[in-house]
Structure formats: C-alpha cells, structure tokens
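Colleague:
There are 2 protein chains.
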Amino acid sequence: MTVNFSPGPSQLYFTTEDHTRAAFRQGIPSLSHRSKMFEQFYQHTQEQLRALLSIPTSHHIFFTASATEIWERIVQNLVAEKSTHFVNGAFSEKFFKAGLQLNKDAKSITAEDGDGFSEPIKVDGEIIGITHNETSTGVSLPLDFIYGMKELNPSALVCVDAVSSIPFVDFDYNKIDSVYFSVQKGFGMPPGLGVWIVNEKCIAKSEQLLAKGHSIGTYHSLPSYLANGKKNQTPETPNSVAIYVLGKIAEDMNRRGINAIRKETLYKSTILYQALQSHEKINAFVGKKEYQSSTVVIADCGEHTNSVIHHLNNKGIDPGEGYGKHKNYQLRFANFPAHSKEQFEQLVDSLNSF
Amino acid sequence: MTVNFSPGPSQLYFTTEDHTRAAFRQGIPSLSHRSKMFEQFYQHTQEQLRALLSIPTSHHIFFTASATEIWERIVQNLVAEKSTHFVNGAFSEKFFKAGLQLNKDAKSITAEDGDGFSEPIKVDGEIIGITHNETSTGVSLPLDFIYGMKELNPSALVCVDAVSSIPFVDFDYNKIDSVYFSVQKGFGMPPGLGVWIVNEKCIAKSEQLLAKGHSIGTYHSLPSYLANGKKNQTPETPNSVAIYVLGKIAEDMNRRGINAIRKETLYKSTILYQALQSHEKINAFVGKKEYQSSTVVIADCGEHTNSVIHHLNNKGIDPGEGYGKHKNYQLRFANFPAHSKEQFEQLVDSLNSF
Numbered sequence: 034m035t036v037n038f039s040p041g042p043s044q045l046y047f048t049t050e051d052h053t054r055a056a057f058r059q060g061i062p063s064l065s066h067r068s069k070m071f072e073q074f075y076q077h078t079q080e081q082l083r084a085l086l087s088i089p090t091s092h093h094i095f096f097t098a099s100a101t102e103i104w105e106r107i108v109q110n111l112v113a114e115k116s117t118h119f120v121n122g123a124f125s126e127k128f129f130k131a132g133l134q135l136n137k138d139a140k141s142i143t144a145e146d147g148d149g150f151s152e153p154i155k156v157d158g159e160i161i162g163i164t165h166n167e168t169s170t171g172v173s174l175p176l177d178f179i180y181g182m183k184e185l186n187p188s189a190l191v192c193v194d195a196v197s198s199i200p201f202v203d204f205d206y207n208k209i210d211s212v213y214f215s216v217q218k219g220f221g222m223p224p225g226l227g228v229w230i231v232n233e234k235c236i237a238k239s240e241q242l243l244a245k246g247h248s249i250g251t252y253h254s255l256p257s258y259l260a261n262g263k264k265n266q267t268p269e270t271p272n273s274v275a276i277y278v279l280g281k282i283a284e285d286m287n288r289r290g291i292n293a294i295r296k297e298t299l300y301k302s303t304i305l306y307q308a309l310q311s312h313e314k315i316n317a318f319v320g321k322k323e324y325q326s327s328t329v330v331i332a333d334c335g336e337h338t339n340s341v342i343h344h345l346n347n348k349g350i351d352p353g354e355g356y357g358k359h360k361n362y363q364l365r366f367a368n369f370p371a372h373s374k375e376q377f378e379q380l381v382d383s384l385n386s387f
Numbered sequence: 034m035t036v037n038f039s040p041g042p043s044q045l046y047f048t049t050e051d052h053t054r055a056a057f058r059q060g061i062p063s064l065s066h067r068s069k070m071f072e073q074f075y076q077h078t079q080e081q082l083r084a085l086l087s088i089p090t091s092h093h094i095f096f097t098a099s100a101t102e103i104w105e106r107i108v109q110n111l112v113a114e115k116s117t118h119f120v121n122g123a124f125s126e127k128f129f130k131a132g133l134q135l136n137k138d139a140k141s142i143t144a145e146d147g148d149g150f151s152e153p154i155k156v157d158g159e160i161i162g163i164t165h166n167e168t169s170t171g172v173s174l175p176l177d178f179i180y181g182m183k184e185l186n187p188s189a190l191v192c193v194d195a196v197s198s199i200p201f202v203d204f205d206y207n208k209i210d211s212v213y214f215s216v217q218k219g220f221g222m223p224p225g226l227g228v229w230i231v232n233e234k235c236i237a238k239s240e241q242l243l244a245k246g247h248s249i250g251t252y253h254s255l256p257s258y259l260a261n262g263k264k265n266q267t268p269e270t271p272n273s274v275a276i277y278v279l280g281k282i283a284e285d286m287n288r289r290g291i292n293a294i295r296k297e298t299l300y301k302s303t304i305l306y307q308a309l310q311s312h313e314k315i316n317a318f319v320g321k322k323e324y325q326s327s328t329v330v331i332a333d334c335g336e337h338t339n340s341v342i343h344h345l346n347n348k349g350i351d352p353g354e355g356y357g358k359h360k361n362y363q364l365r366f367a368n369f370p371a372h373s374k375e376q377f378e379q380l381v382d383s384l385n386s387f
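First to last, the protein sequences are chains E and B. Residue numbers for the first sequence, in our numbering: 34 to 387. Residue numbers for the second sequence, in our numbering: 34 to 387.
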C-alpha cells in the first residue's frame, strides 16, 4: 500500500472507512436532517470537537462545504467595508481576493513565499485574516504573533485559517475570534466538509450588519447557523455522513489523547527536518526555524525533484507536489495524525538513501 | 428492511453503497482534485448526466454543496436588481426569500399549498424562479407553463427547481436557461452535492454583472466554474466521492434505460393515486390532476395520520411526514428510481388494508 503524504486530500485516518460503513449500516445517508438521530450525532460531533480542541463555550461550531466557502462567509458576515489580510502564499492570497471579489476594501500585507510574520502591528480592518499554516509554502506563524495582533487591534475580528494545522495546533481560543479548517487534512477524511468556529463577537457583528441593511448571505449567515445550531440542526440538508464520521474520528482521537497526537507529530516533524538539514541534495524550503511548519514540511529538491519522486514511489511513498509555481523543484510532506511514526521513519530512511 | 418513502434524504439507490466502497478502494477520498484521475471521473459524471437527462452542449453542468446553495448562486450571478418567483410551497418560498436576503427587489406570485400555476404571464424580473416539483406540497407544474413563461418573457432567465423531479422529468433544455437539483432525492445518494445546469445566456449575464462592478460571489461564480470546468476541475476541493458516485449511478440508470425508469415511475404513481382516490379514509392532497406530482405523492390522512404511520411501519414502510404545518395530517410518498415496483405495490396493498 502506498502512503499518501500529499497535504490534502491526504492519507485517510485509520478509522475513516470503517466509520463510513457504519454510517451506511445505520441509515445515516437517508436520514432526515430534522430527525432526532441527526440531532444526536450532530451534538456528538460538536462535543468531541470541543473536547479534542479545547474549544470554549464562548465559541460556536458550524459546518460548511469547504474552507473555501468559509472565506466567503467570513467576508459576507463580518465585513461592511474593510478587511486586512496577511498574505504569504496561495491560500492566504485567495482569502484576500475573496474580499476584493465581494467588493470590500480589502488590503494585504505580504511576505515572500517561505517567509512569515512575527511582529504584531496596528492595522485598519473589521477583520484580520491570518493563515496559521500556509499549506502552499509550509510556513507556520507563531501563535504569539496571532495573539499579539488581537491585542494591538482589539476591535477587529481575528480570523485564523488552520486548515492544515488542526488538530495539532493548540490555540487559546479566548485570543482568537474565528478559526476554520476542512476535514481532508488533519482529520484524514474525504473532502466535502468545512468547520467554522466563531465567537459571540462574530455573531454580534453579523447581526449588526444585518440590522444596518447589509446583505450577509442567505442560509449560511451566522444568525441562520445559530438558529438551527441551537436545535443541533443545520440550515440546509448537509453532508450528514461527513458530520457523523468527523465526530467518530474526533472521538477516536480523544481516546488516543490529543497530547499523544501532538507529541508524535512533533517527533515526526523533528526527524524529517533533521534529515533535510543533513541531506546533501535536499533542503528544507522554509529556512527560518520559527516559521517551519510541523504539519506541512516542504523540501526543496531542485533539479533532483523528479528523481526523488521516483525514488520515493519505489518505496511506497507518495509525496505531495510543490504548489503552483513551486511544482518543479519542491515536494510537500503532510504530517497528520493519519501518518504513523513508522511511516515517517520509513520516509526519513528513504530520503537519506537518496 | 424498512423502505424509506420520505422525499429526501430518501431510500438509497440500489448501487449507492457499492459505488461508495469502490470509491474508497480506488483511493478517491484522498485524491487531489487537480489530478488526472479526478478529471477523468468528473468528465465521466458529466457525460453520464448529459446522456441520462438529454442535456445539450449549450448547457454547462456545475457542482455545488446543495440545492439551497444554488438559490444563492443564481441570485448572486444572475440578478442585478429584480427577480420574480412563483411561490406555491415552502421551497419555492425559500428561493424567493434568498432574493430578498441578497437585497434584491424580489417579487413573488403565490398560489395556495396544493395549487399551482398553468397560465403563462408577463412578469418583471431578470430571472423567473419556477419550482417544477414542490417537495413540500406534491404539486408539479405543467411543462407547457414553464416553456410558456420563457416564450412570454424571452429576456428573463428561467430557472427551474427540479430537486425532486429529476431524473423523471423530461425537460426540453432549449426552452429553459437553468435547472438544478440535489442528489439525495431521485438519485438515491447521501446529501452533500447539488447539480446546477446553466446555459450560455446565464454565463453571459454573470460576466456582464461582473463587468459592471457587481459582486457575483467568489469561488462559485459562473466564470470561476467555467474556467475550472473546462479543465474538468472544480474551483474548490469538492465532495469528490459524491461526484464519482453520481456518475456511476447515472451510468447504471443509463444502462437500465431512462425510458424504462420513467415508465415505471408513471406506473407506480398511477397505482398510488388510484388507491388514494378509492380510499375511504385517505385522499390525495393535490386535487387537480394536472398538478399531481408523479415523484412526490401527498396523502391527506387527517385524523388518521398517526394510525396510518403505525400501520405502515408494521409493514416495513416508512412514509415521509407532511411538511411543516401539514405535519399532523399529511404523509408524503417519494416515487424515485430507488423505489421498486414491488415496494410500491406493497405500499398500495398496505394502504388499501387500512
């Protein structure tokens, strides 16, 4: 069996397929999203996510179809005029562009690919978009930078893209207004579900915009989510199988222990960065240690890229391609809970033998 | 095994679970949506849907997360100021309200629950929203009414909700600008995918709005769909398993023959309406024959509703509840390709023995 190290859609979690089969056995694909049974597993998923990620009750958890959708929903619900976006890669740039496409006065603060941000600054914007982990460049921003931005800009809503760092990253949600991710990365599920965490300030802001006559969208506005969420329901007929499976995987991870998962993730990234550091032909793309992502490790393979792919494929390892313009000289390695220690040790051995 | 007659999420199609397992076996849950293999099954799904529904090449097929999403996308992409909506039930009303929520001058033309529209009229609106089959009331509008609306209002874009009538309904797509549905009804799949069919006029309108400085949304704008669709790709990481399974089910239905499916659907609805007509305690809710839906049959059970449910449950039949305010005195019976002749004959026998 080939191990998929692409950062998403990625390797399935060990139990994803079993939980999907169980969902079919229990009739969940045919279930009404207004039924008791739906409400029960919706609540279960909420509880397991809260436990796993230490999400306080001040924050709500809502479901979208993707993280891409959440960019649009954030701008619709939380921005009347101005947004500010920290852009250091393809995904943070897409969020910035969503602001422009929705006709907002969106501003970007940019860093080169492979670089990040560490000094909090005062900015102008109703929201501040920060990508905790840039999946395209393997840059992870220090949590102190994110919390510092909130401290310096207390009236702005800080919205954090954690698409490829959850569940590894241990946020203090009291210092962030919104966090979002999708399930085909750290949770090892098929794509088709996004998770949007918002605090009461976000809800209040969307209600304020609505009261002032702004359009905040239709079924996926925060007031619509809230009204349905209170009943453990969703506004529309959702991807119910995915909501069920996510709850079961979160439960499995809670049983394994989030601390054990985080420790193992650190071990795996440490041995991979060590291998890259001592390698003669391959280097870590992100040079500054403070920005090196633990969950998406990018290797600069230069002219050797194709030979490395070939070498790894022969050992049953499928690396992720470099993103966009980096495709011909980089490889990306996801380090998610679905990737075992043994698989990472094998990856390191294989790189060392190149 | 209980047979689920709820109009959606409904009984799974005979092959849905097998195709889902095959998707897992082939690694589709972990597949990049920019990969060759994704492009291949995306194209396969497009081709099978075109063949099954006789969709001409003048019309594009795009994927959303739900039909609810499509209401929002239609208004965003096709309406600068004015929309007109024919409202004769809960779902047609939701589309109308989406227009209002997006701050458009949305107008509704209403009929009582159980009633419909048959006389085309001139209206004022960039789009005309028509619900071919109202899932909440079991009213199906005559195709001549829909085509007549287009003829009388040639400059408006006629957008048809066929959520619970496809694949049974045989549209002449040359007389409609947009048709949409979701997969948890006639295709017998788990929810989480909507299908949005649009012609070139819709594309042109959205490009026009964009050129004039209107916001037409972000990743799910028609130009974004088109640019990605040309490569057999989607704008965002989609519910790829569902796109794959939909193509395989459409292929199964093509093998069975759409004519056979339509004939069988008519046979099943005919025996059910006959049973209701001759029943002493239960009546068809929709009185006018021209409006009686073949795919969602609603029975007015009055004070007997709970006893009918109990009686049917004992025979392994799970009817759908009446929608909203009709819950206490109506039952809904879906007549989809997943419901066999034998199951319908058993349903009729069971009703007759009440």
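Where is the CB? At the ideal position from N, CA and C, for every residue including glycine. All values reported here derive from a predicted model rather than from experimental measurement.
1) Give the straight-line distance between the Cα atoms of Gly149/E and Gln59/B, rounded to the nearest whole angstrom.
2) For a quick check, are the C-beta atoms of Tyr258/B and Glu102/E less than 9 Å apart?
3) Here's the rule: buried if 16 or more other CB atoms are within 10 angstroms of the residue's CB, otherwise exposed. What is Asn207/B?
4) Quick one: list the residues of chain B neighbouring Trp104/E, beta-carbon separation under 9 Å, in chain order.
5) For the 8 Å Cβ check, are there 3 or more pairs between the stretch 319-331 of chain B and the stretch 349-366 of chain E?
6) When you compare the stretch 79-91 of chain B with the stretch 269-287 of chain B, are there three or more beta-carbon pairs, one atom per stretch, that lie closer than 8 Å?
7) I believe Gln379/E touches Gly221/E by the beta-carbon criterion, under 8 Å. Please report the beta-carbon distance rounded to the nearest angstrom.
8) For Gly162/B versus His118/B, is the C-beta spacing smaller than 9 Å?
9) Could you tell me whether the Cβ atoms of Cys192/E and Leu111/E are closer together than 9 Å?
10) In the DSSP assignment, what residue or residues form a beta bridge with Cys7/E?
11) Roughly how many whole angstroms lie between the Cα atoms of Leu299/E and Pro370/E?
12) Taking the alpha-carbon positions, what's the Ser141/B to Gly219/B distance?
13) DSSP three-state label for Ala371/B, please.
14) Would you identify the three-state DSSP class for His93/B, choosing helix, strand or coil?
15) Would you decide whether Ser311/E is buried or exposed? Buried here means 16 or more other CB atoms lie within 10 Å of its CB.
16) First and last residue of the beta strand (DSSP E) that includes His118/E?
17) Could you check what DSSP says for Phe366/E in three-state terms: helix, strand or coil?
18) Quick one: which residues of the stretch 335-348 of chain E get their C-beta closer than 7 Å to a C-beta of chain B? List them in chain order.
19) Count the other CB atoms, across all protein chains shown, that sit within 10 Å of the CB of Pro187/B; report buried if there are 16 or more and exposed otherwise.
20) Please compile the residues from chain B whose C-beta is within a distance smaller than 8 Å of the C-beta of Asn37/E.
21) Let's see if you can read the secondary structure: which residues bound the alpha helix (DSSP H) around Gly280/E?
22) Give the interface partners of Ser43/E over in chain B, defined as CB-CB distance under 7 Å, in chain order.
23) Could you name the residues of chain B that Gln217/E contacts, counting a contact when the two beta carbons are closer than 7 Å?
24) Is it true that the CB of Phe204/E sits closer than 9 Å to the CB of Leu176/E?
25) Which same chain residues end up closer than 7 Å to Ala275/B when comparing Cβ atoms and leaving out the 5 residues on each side of it in sequence?
26) Residues of chain B with CB closer than 9 Å to the CB of Thr101/E, please, in chain order.
27) Using C-beta distances below 6 Å, list every residue in its chain close to Ile199/B, excluding the 5 sequence neighbours before and after it, in chain order.
28) Would you report the Cα separation of Asn136/B and Phe201/E, rounded to the nearest angstrom?
29) Since Leu242/E and Ala55/E are thought to touch, with beta carbons under 8 Å apart, how far apart are those beta carbons, to the nearest angstrom?
30) Confirm, please, whether the CB-CB distance from Glu105/E to Ala144/E is below 9 Å.
31) Got a sec? Which residues, its chain only, sit under 6 Å from Asp285/B by beta carbon, not counting five neighbours each side?
32) Could you check whether the Cβ of Gly225/E sits closer than 9 Å to any Cβ belonging to chain B?
33) Leaving out the 5 sequence neighbours to the left and right, which residues in its chain are closer than 8 Å to Leu190/E when beta-carbon positions are compared?
34) Closer than 9 Å, CB to CB, is Gln134/B near chain E or not?
35) Please list the terminal residues of the continuous beta strand (DSSP E) segment that includes Ile142/E.
36) So the candidates are Asn346/B, Lys263/B, Ile331/B; which of them puts its Cα closest to the Cα of Thr90/B?
Modeller: Answer, in terms of the structure:
1) One-based indexing of the first sequence puts residue 149/E at position 116. One-based indexing of the second sequence puts residue 59/B at position 26. Their Cα atoms are separated by approximately 38 Å.
2) Your numbering for residue 258/B matches position 225 in the second sequence. Your numbering for residue 102/E matches position 69 in the first sequence. No. Outside cutoff.
3) Counting from one through the second sequence, the residue named residue 207/B turns up at place 174. By the neighbour-count rule (16 or more Cβ atoms within 10 Å), Asn207/B is not buried but exposed.
4) As a working mapping, residue 104/E is identified with position 71 in the first sequence. Going along chain B in sequence order, the residues near Trp104/E (Cβ under 9 Å) are Thr251, Tyr252.
5) no
6) yes
7) Within the first sequence, residue 379/E is the residue found at index 346, counting from 1. Within the first sequence, residue 221/E is the residue found at index 188, counting from 1. Contact flag wrong, Cβ pair sits at about 18 Å.
8) By 1-based counting over the second sequence, the position of residue 162/B is 129. By 1-based counting over the second sequence, the position of residue 118/B is 85. Result yes, Cβ atoms of Gly162/B and His118/B sit closer than 9 Å.
9) Translated into the one-based positions of the first sequence, residue 192/E becomes position 159. Translated into the one-based positions of the first sequence, residue 111/E becomes position 78. In contact: Cys192/E and Leu111/E (Cβ atoms closer than 9 Å).
10) The question about residue 7/E has no answer here: the residues shown for chain E are numbered 34 through 387.
11) What you label residue 299/E is simply residue 266 of the first sequence in a count that begins at 1. What you label residue 370/E is simply residue 337 of the first sequence in a count that begins at 1. Taking the straight line from one Cα to the other gives about 11 Å.
12) Along the second sequence, one-based indexing puts residue 141/B at 108. Along the second sequence, one-based indexing puts residue 219/B at 186. Using only the alpha carbons, I get a separation of about 27 Å.
13) For the purposes of this step, residue 371/B is identified with residue 338 of the second sequence, where counting begins at 1. Note: Ala371/B maps to coil in three-state DSSP.
14) By 1-based counting over the second sequence, the position of residue 93/B is 60. In this structure, His93/B counts as strand in the three-state DSSP scheme.
15) Taking the first residue of the first sequence as position 1, residue 311/E is located at position 278. Ser311/E comes out exposed.
16) Here the question's residue 118/E lines up with position 85 in the first sequence. Where His118/E is concerned, the enclosing beta strand (DSSP E) stretches over 115-120.
17) Sequence index remark: in the first sequence, residue 366/E carries index 333 (1-based). Note: Phe366/E maps to strand in three-state DSSP.
18) none
19) Sequence index remark: in the second sequence, residue 187/B carries index 154 (1-based). Looking at its Cβ environment, which holds fewer than 16 other Cβ atoms inside 10 Å, Pro187/B is exposed.
20) Against the first sequence, residue 37/E aligns to sequence position 4. Going along chain B in sequence order, the residues near Asn37/E (Cβ under 8 Å) are Gly60, Ser63.
21) Against the first sequence, residue 280/E aligns to sequence position 247. First-last of the alpha helix (DSSP H) with Gly280/E: 273-289.
22) By one-based count along the first sequence, residue 43/E stands at place 10. Under the 7 Å cutoff, chain B gives Ser63.
23) On the first sequence, position 184 is the one that residue 217/E refers to. Correct list: Thr270.
24) Sequence index remark: in the first sequence, residue 176/E carries index 143 (1-based). Sequence index remark: in the first sequence, residue 204/E carries index 171 (1-based). Closer than 9 Å, so yes.
25) In the second sequence, counting from the first residue as 1, residue 275/B sits at position 242. The answer, listed in chain order, is Val216, Met222, Gly225, Leu226.
26) Here residue 101/E corresponds to residue number 68 of the first sequence, with the count starting at 1. Those are Thr251, Tyr252, His253, Pro268, Glu269, Thr270, listed as they occur along chain B.
27) Position 166 of the second sequence, counting from 1, holds the residue named residue 199/B. Excluding positions up to five away in sequence, the list reads Phe214, Gly219.
28) Here residue 136/B refers to the residue found at position 103 when the second sequence is read from its first residue. Here residue 201/E refers to the residue found at position 168 when the first sequence is read from its first residue. When rounded, the distance between both Cα atoms is 41 Å.
29) Taking the first sequence and counting its residues from 1, the one referred to as residue 242/E is at position 209. Taking the first sequence and counting its residues from 1, the one referred to as residue 55/E is at position 22. Not really, about 41 Å apart at Cβ, beyond 8 Å.
30) As a working mapping, residue 144/E is identified with position 111 in the first sequence. As a working mapping, residue 105/E is identified with position 72 in the first sequence. Contact flag unset, no.
31) Sequence index remark: in the second sequence, residue 285/B carries index 252 (1-based). Closer than 6 Å at Cβ, skipping near neighbours: Thr48.
32) The sequence position of residue 225/E within the first sequence is 192, counting from 1. Chain B, which has a Cβ nearer than 9 Å to the Cβ of Gly225/E, makes this yes.
33) For this step, residue 190/E is matched to residue 157 along the first sequence. Excluding residues within five positions, the ones whose Cβ falls inside 8 Å are Leu111, Glu159, Ile160, Ile161, Asp210, Ser211, Lys234, Cys235, Lys238.
34) Mapped onto the second sequence, residue 134/B falls at position 101. True, the Cβ-Cβ gap to chain E drops below 9 Å.
35) The residue labelled residue 142/E in the question sits at position 109 within the first sequence. That run of the beta strand (DSSP E) goes 138-143.
36) Position 57 of the second sequence, counted from the first residue, corresponds to residue 90/B. Here the closest residue by C-alpha is Lys263/B.
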